[in-house]
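Asks: For the sequence shown, the positions run -22 to -1, 1 to 939 when mature numbering (1 follows the signal peptide of the UniProt record, and there is no 0) is used.
In this text, a Cβ means the ideal position worked out from N, Cα and C, and glycines have one as well.
Below is the structure I would like to discuss, written out as C-alpha cells.
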Amino acid sequence: MESYMFKIICILIVLYSEETEADCGSEFTGVSNPTVIGKDKYSEVSGDTDVAYMLDDPVTCCGVIKGWTAYFKHNGTIHFDIWRPTLGKDFKLVGTYEFTTGTSDGQDYMTIVDKYTVYPGDYIGWYTPLKEMVAYINGNSSGEAKSVKFFKLRPSSLFLGQELSWFKAVSLSSKTYAIKAEYAANKSPQFVNLDANIQVVPHTAIGTVLYSITASDPDISDTTITQLIYNMTNQVRVSADIPNSFGRECLSFEVQDICKHIDKKSLCIFTDNVPPTIMCQPQTASIIETTTGNVDLISVVVSDPTDDVTCSLRTWPKNNHFQLRGANFDYTIYVDTNPGFRVVDQRMYTVEVTCTDSKNSTTWNSTIEILPSAPPMFTNLPNLLPLSSGNVNQEIVYTVSVTDPDSTSFDFSMTCKPSPCPFSIYNTGHIQLTQDIITLNAGGYQLNITVTDGYHNISSYLTVIYNANLYPKFTNLPAELTIEENTPRGTSIYTVTATDNNRDTLTYSMKSSPQSGMSYFSIDIFGGLISTSVMKSIDYETMETFFKFTVTVTDGIIFVSQSLTINVTNVNEEPSFSQNTYRIVANESKANTILPDPNFIVNDVDDGDTHLFKLDCLANNGYFTMNDTTGILRFAVDYDLDVPGKLRLITCVVTATDRGGLSATAMLSITINEINDNSPKFKKSLYKFSVYRDSAIGLVIGRISATDADIGNNGEIIYSTDPTENLFDVSLAGHITRQGYNVIQNHGFKVYATDSGSPAQTGTASVTVIIMEPTSTASSSTTTGYKTFIEDKRNMVWIVFLALLALITTLLTVWLCWTSIRSWPIGFDPFYECGKNCNRPRWCKDRGQKSVKGSSQSPPASKRPQQPQSDITKKQSPATPKQQSVTPNQPHKTPQQPPLTPQLSVTPTHSSVAAPTSPDITLPLTPPHASQPSMTPKDDSNFRGYNFWREKWHEQDEMVI
C-alpha cells in the first residue's frame, strides 16, 4: 500500500506541473456598450430565423460567464452559448443559457447564477430559434475600437455537448452586433471531508473500503474533479496486508479544476490506540439553590473508534450532590435527591469527568454555579384587619397568601403586640383566633407575620382592630409640599394633625425614600411639626431634590400611614469672584488692541447660570471696553503714555451679574507699560559747519540737537557718528568736535541720535563741514562756524580787556541811572512817557502794550543776505545812530553816556584770507556803532537804540570762529 500511495503522489506532481491559466477579472467579449450600437440611427436587425452566431474573438482568460448584455430590437427567447474547439474546425457546445426578454428596442441584462467555466480559446455566441433579435450596424460607425468578425450558421438544432463544424459558417466581418459577455474569476474546488483521521485494524481484508473522499466546486462545468482522486472511485481501499507494526500513514490528495485552481488535503490512517473523546453539552451549568434533586445538568457524549469506554465523576468541594449515570458512550451529570444547596455556604462547584478505554484516559472539567432563589412575597396582606365582637374562638379570621417562583413550600410564624397574642398562624397561611373577641381587653393588635422558603425570611405587619378601638385618622396631610433651598435650619414647614375618637395619645413618625431625606427633614413625635434639620442646610445643588416620605400616626396599637412628597426648588444665589483683585499688565497700544485676559473666575452655585460683565474705571472711563460675556478687555482709544495726563496705573471695578440680577464685584488693576514707540528726530536733516584747516584737535565746531516724543528712559538721547568716521566726533550732548586733520576738502558724515529704550530707536541726520583755508590779512568780524573763544590761548588778552571794559560799563550805567532817577519830577510816569514812542524799551511790555520796532532794527542773522568780503570790511565800523535833540522842557542836560557794548573784533591767527560766510550762522561780534551819544533819562531814542542792540545780542545762538 505504501508503494502504491507513492505512485499516486508522483502522478499528482506531474499533473500540477502545468502552468496556471490567467484568471479572469473585468474582461469581456463583444462591444463595450450594446446600447450605443442599438440606439445608432443606422442600427437594424436581421430577418433570419433559426440562426446561430459565433464571435470570432477567443476568450483569453480562465473564469466563468458573469452575465450577458444585448440590445434587442424585439422580445423573444435567445440562447447564449459557449463553444470550445475540438479538432480542426469543430467546436463543442460546453455551455448554454436560455434567456427570454420582454424588451422591445432596448437593452437587457442576464445575471448568471449557475456559472459555466470558460477557458482560453473558447468562443461565445448566441442562437435564436425564431426570428433574430439582436441589433447590429454595418461597419464600425458607432465608435467601437475595432470591427468584430462574426460567423453565422443554420443548425437543425442545438443542445449541450453538441459538436458543430463552423468552417462552413458565413463570415460577418462588416457588421457590429450589440452583444457583450462579461467574465469573472473561477471558484476553487474544495474537499468536503478532508483533512481526516481514520483507524484501521491490523490485517484488515484486502479490498476493504476505508474512506470515501468527496469534493465540490461551485462552478457547474468544472467536471474534472474526479480525475485526480485515487483509483477514480473516490474511495480509499486496502491493497495489501496491514501488519501490527503499521503505525500511522498520511495520504496527500489534491483536486484541480479546469482553471488549475487547487485544493490540497490529507487523510491519515493509523492502527495505534486512540484515546476516548469527550463532548459535553452544555459546557457549564447553573441551578437554583432550592433544587430538590434528580435534575439532569450536563450531557456527556464519549467516542472511541476501537474500544468500549467507562467514565467516572469527581467534584470539588467533595460532595455527593452531583452524580454520573449512563454506560459506554452516553452519560449524564445530574443532581442527587435533596442536595440542600445554599448560596451562602457554597456558590461554585467543579466537576471532572474521566473516561478510559483501558489503555488511555481522557479528562473533562466543568463548573456548576448555584444561583440564589427568589424570596417569597406577600400578595394580599392589608394594613388593617377590622374585626367585631362576633368573631369567636377557633375562627379563621384571615388567610395570608405568598408567591415564590422557586418554591411552593413555606413556613409561617407570627408575633404580636400587646402580649399575650390571641391569634395563631399555620403553614397554610390561616390566622385563627384563640379566644373570643369580646373577651379581649385591648382594642387592637399589631401582628408581625414572617414567611420563609428555607432560604429567605420575609416579614410584614398586619394591624387587627375591632369595635373597642377606632384607628387614628389624618385630617390635613397634603400630597405634596414645596420648600425653597437655603431655607434656614430648624424652619417649621408644616404641622400634621390627626384625630382619634378614642382620645388616645397620638405619636408621629416618618420614613424617607431616598433615606437621605431624614437628614434634611424631621417630624416632631408628639406635635406632628415637620421642619428642616438643624444639622444640614437645604442646598439644591448638592442634595436630592425630591423626597417621598411615609408619615405614620399611631395610638400605640394601630398605625396609619400616608405618603407625603417634599420638593426642593432652586433659587437664585449670588455669584462671587474667585479673588478680590485681578491684575493685568499691558503695553500702551492702539485702539481695539486686546489686553491680556484677566481670567475672571465667577463662582456660582446655580447650575448653568451665566454672567454678564461690566467695567467701571471711574474717572478713567473711556480708555477701555469689556466684552460683556467673556470679560476680554480692549483699548477703546489709542493709549500713549507720552501724552500728558495718561496714567500708568488704572484701577477699575468689574461687576458680574447673573441671569437673576444678582451680582458680584472685584477690583481690576491695569498697569500700562511705556514702550519705545517714537524714534529721535533731528531739528534739521542737514547741518553745516565751517572750520579752519589748522584749527586745534578737540575744537567744538558746532552742536546738533534731536528730540524724542517718548518720556523717561525711552526719551533720553545719545549722539554718535559712523564707526568709520575718524575726523570728527560728537559728544553725548551733541557737540561736534574735531578729531583729526588730513581734510583737503569739504567733509560730510552721518550723525545718529539713539534713545535709551528697548529696543532702541535711532534718528539720522547729515553733517557737512566746510574746510576753510587760513588767511594772512585781517579777517572780517563776521565768520562762519562755531568757535569756542576761550580755547584759543591767543585770545586771553582780549578776555582780560573785555572783562575790565564790562566792569567799567556796568559801573557807569548804574551811576547814570541813579542820577536820572533823582532828576525825575514829582508825578513823572516813565510808562506814560514810554507810550509816546513807537519803539518802547522792553520793560514797557510789562504794561501789556505791544512793542513796535522801528525800521532801524536789523533782520535776524539767519535771514541776512550773503555779503562779499569787501562789504564785510567796510562795515566793521558802522555809523553811530543819530542823536535826538533834547526838548526845552527837559530840566537837566543829559550827560555823555559811553557805549553800552564795546566794539569787538576777532582776528584769526592767519588773516591773509577773509573767512567765507556760513549759510547757517552769522554772528557780528562788533556792535554796529563805535560809541553812543549822550542822552537824558527822557531821551527815548537812546533807550530804543539800547534795546535794539540788546535784542540783537540775545538773538545770536551760534558763534563764529
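Just to confirm my understanding: we take L611, look at its own chain, exclude 5 residues before and 5 after, and list those with CB closer than 6 angstroms. What are they?
Replies: L573, F602 and M604
Asks: Could you pull out every residue in the same chain whose Cβ sits closer than 8 angstroms to the Cβ of F401, ignoring the five residues on either side in sequence?
Replies: V375, M392, C394, I409, Q410, L411, T412, Y423, L425 and V442
Asks: Counting only the same chain and skipping the five closest in sequence on each side, list residues whose C-beta sits under 6 angstroms from that of I265.
Replies: none
Asks: Return the CA-CA distance between E227 and C246, expressed in angstroms with no decimal places.
Replies: 6 angstroms
Asks: Ignore the nearest five residues each way along the sequence and tell me which others in P737's own chain have a CB closer than 6 angstroms to its CB.
Replies: Excluding positions up to five away in sequence, the list is empty.
Asks: Return no unless some Cβ of chain C is closer than 8 angstroms to the Cβ of V775.
Replies: As a matter of chain content, chain C is missing from the structure shown, which is built from one protein chain.
Asks: Keeping to the same chain, check which residues put their C-beta closer than 6 angstroms to that of D389; ignore five residues upstream and five downstream.
Replies: Short of 6 angstroms from the beta carbon of D389, and not among the five residues preceding or following it, lie these beta carbons of its own chain, in chain order: N405 and T430.
Asks: Does DSSP classify P12 as helix, strand or coil?
Replies: helix
Asks: Of the residues Y94, V96 and E22, which one's Cα is nearest the Cα of S82?
Replies: E22
Asks: For G45, which of helix, strand or coil comes out of DSSP?
Replies: strand
Asks: Name the residue from N316, F660 and Y449 whose alpha carbon lies nearest to the alpha carbon of P364.
Replies: Of the listed residues, the one whose Cα sits closest to P364 is Y449.
Asks: Only counting the same chain, and skipping five residues up and downstream in sequence, which positions put a Cβ closer than 8 angstroms to that of P107?
Replies: T27, D28, T55 and H57
Asks: Have a look at the DSSP bridge pairing and note the partners of N116.
Replies: Paired residue(s): K153.
Asks: Candidates D575, S515 and K624: which alpha carbon is nearest E566's?
Replies: K624
Asks: My guess is that L440 and I427 are in contact by the Cβ rule of under 8 angstroms, so how many angstroms apart are they, rounded?
Replies: 6 angstroms between Cβ atoms; contact.
Asks: Short check: CB of T255 to CB of V280, under 8 angstroms?
Replies: Remark: C-beta atoms of T255 and V280 approach each other more closely than 8 angstroms.
Asks: Given that a residue counts as buried once 16 or more other Cβ atoms are within 10 Å of its Cβ, and exposed if not, what is E552?
Replies: Classification of E552: exposed, given that the 10 Å Cβ count is below 16.
Asks: If you draw a straight line from the alpha carbon of L71 to that of S244, how long is it in whole angstroms?
Replies: 36 angstroms
Asks: Take N724 as the anchor and find which of K666, I777 and S683 has the nearest alpha-carbon.
Replies: K666
Asks: Measuring CB to CB, does P36 end up less than 8 angstroms from Y87?
Replies: no
Asks: Does DSSP put residue 953 in a helix, in a strand, or in coil?
Replies: Because the chain spans -22 through 939 in this model, residue 953 falls outside it and cannot be assessed.
Asks: Around the C-beta of residue 992, are 16 or more other C-beta atoms found within 10 angstroms, so that it is buried, or is it exposed?
Replies: Residue 992 lies beyond the stretch modelled for the chain, which goes from -22 to 939, so this question has no answer here.
Asks: How would you call Y719, buried or exposed, if buried means at least 16 neighbouring beta carbons within 10 angstroms?
Replies: exposed
Asks: Cutting at 7 angstroms between CB atoms, please list the residues of its own chain near P350, excluding the five before and the five after it.
Replies: E267 and V321
Asks: My guess is that A263 and I346 are in contact by the Cβ rule of under 8 angstroms, so how many angstroms apart are they, rounded?
Replies: 5 angstroms
Asks: Would you tell me roughly how many angstroms separate the C-alpha atoms of T530 and T473, rounded to the nearest one?
Replies: Roughly 13 angstroms between the two C-alpha positions.
Asks: Suppose you measure from the CA of V252 to the CA of T38; what does that come to, to the nearest Å?
Replies: 52 angstroms
Asks: For S668, count the other beta carbons within 10 Å of its own beta carbon; 16 or more makes it buried, fewer makes it exposed. Which is it?
Replies: buried
Asks: Mind checking A159: buried by the 16 CB within 10 Å criterion, or exposed?
Replies: buried
Asks: Let me know if R467 comes out buried or exposed under the rule of 16 or more other beta-carbons within 10 Å of its beta-carbon.
Replies: exposed
Asks: Out of V178, A174, K592 and S344, which has the shortest C-alpha to C-alpha gap to T332?
Replies: S344
Asks: Among T465, N306 and F300, which one has its Cα closest to the Cα of D285?
Replies: Looking from the CA of D285, the closest CA among T465, N306 and F300 belongs to N306.
Asks: Should H181 go down as buried or exposed, given a rule of 16 or more other Cβ atoms within 10 Å for buried?
Replies: Result: exposed.
Asks: Once you ignore the five residues that flank H52 on each side, which residues in its own chain have a CB closer than 7 angstroms to its CB?
Replies: S82 and M111
Asks: Count Cβ pairs between the region 177 to 194 and the region 42 to 49 that sit closer than 8 angstroms; are there 3 or more?
Replies: no
Asks: Would you tell me roughly how many angstroms separate the C-alpha atoms of D655 and L627, rounded to the nearest one?
Replies: 19 angstroms
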